[in-house]
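Colleague: Numbering (the numbering used here), first residue to last: 91 to 206.
Note that CB positions come from ideal geometry on N, CA and C, so glycine has one too.
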């Protein structure tokens with residue numbers, strides 16, 4: 091499922107080869123960590139990550155989360171695990187992500203981890 095989406099994004103020129111390769115590394119890492127990559131929530135997260143990486147590469151940004159939502163997010167039971175997983179994924183990324191993008195990553199990762 092996610093491979094098909096990534097192929098469409100690449101063929102359409104929305105993500106480039108570097109981002110596609112990063113996504114393959116992310117999928118491999120998540121599988122090694124026993125974090126499913128074939129669920130709907132994983133697909134949503136991975137698609138968001140690919141698009142966010144493309145945005146960051148182009149210098150585009152997203153609006154910051156509302157501070158109350160950001161605080162609620164950090165109180166989620168899965169947040170510590172999400173933060174740890176994100177740090178590993180960010181370490182292999184071809185670029186750095188701004189704080190607003192990272193908050194959205196945490197939302198998706200918490201949702202994914204809560205469904206496991």
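In or out: residue 182 buried (at least 16 other Cβ within 10 Å) or exposed?
Modeller: Result: exposed.
Colleague: On the CB-based measure, 16 or more other CB atoms within 10 Å of its CB, does residue 109 come out buried or exposed?
Modeller: Its Cβ being crowded by 16 or more others within 10 Å, residue 109 is buried.
Colleague: In three-state terms, what does DSSP make of residue 108?
Modeller: Helix.
Colleague: Specify, as a first and last residue, the run of the alpha helix (DSSP H) that residue 184 falls within.
Modeller: Segment: none, residue 184 is in no alpha helix (DSSP H) and carries neither H nor E.
Colleague: Near residue 142, which residues of its chain fall below 6 Å by C-beta distance, leaving aside the five closest residues on each side in sequence?
Modeller: Excluding residues within five positions, the ones whose Cβ falls inside 6 Å are 191.
Colleague: Could you check whether residue 128 and residue 151 sit closer than 9 Å to each other, using their CB atoms as the reference points?
Modeller: Not a contact, by the Cβ cut-off of 9 Å.
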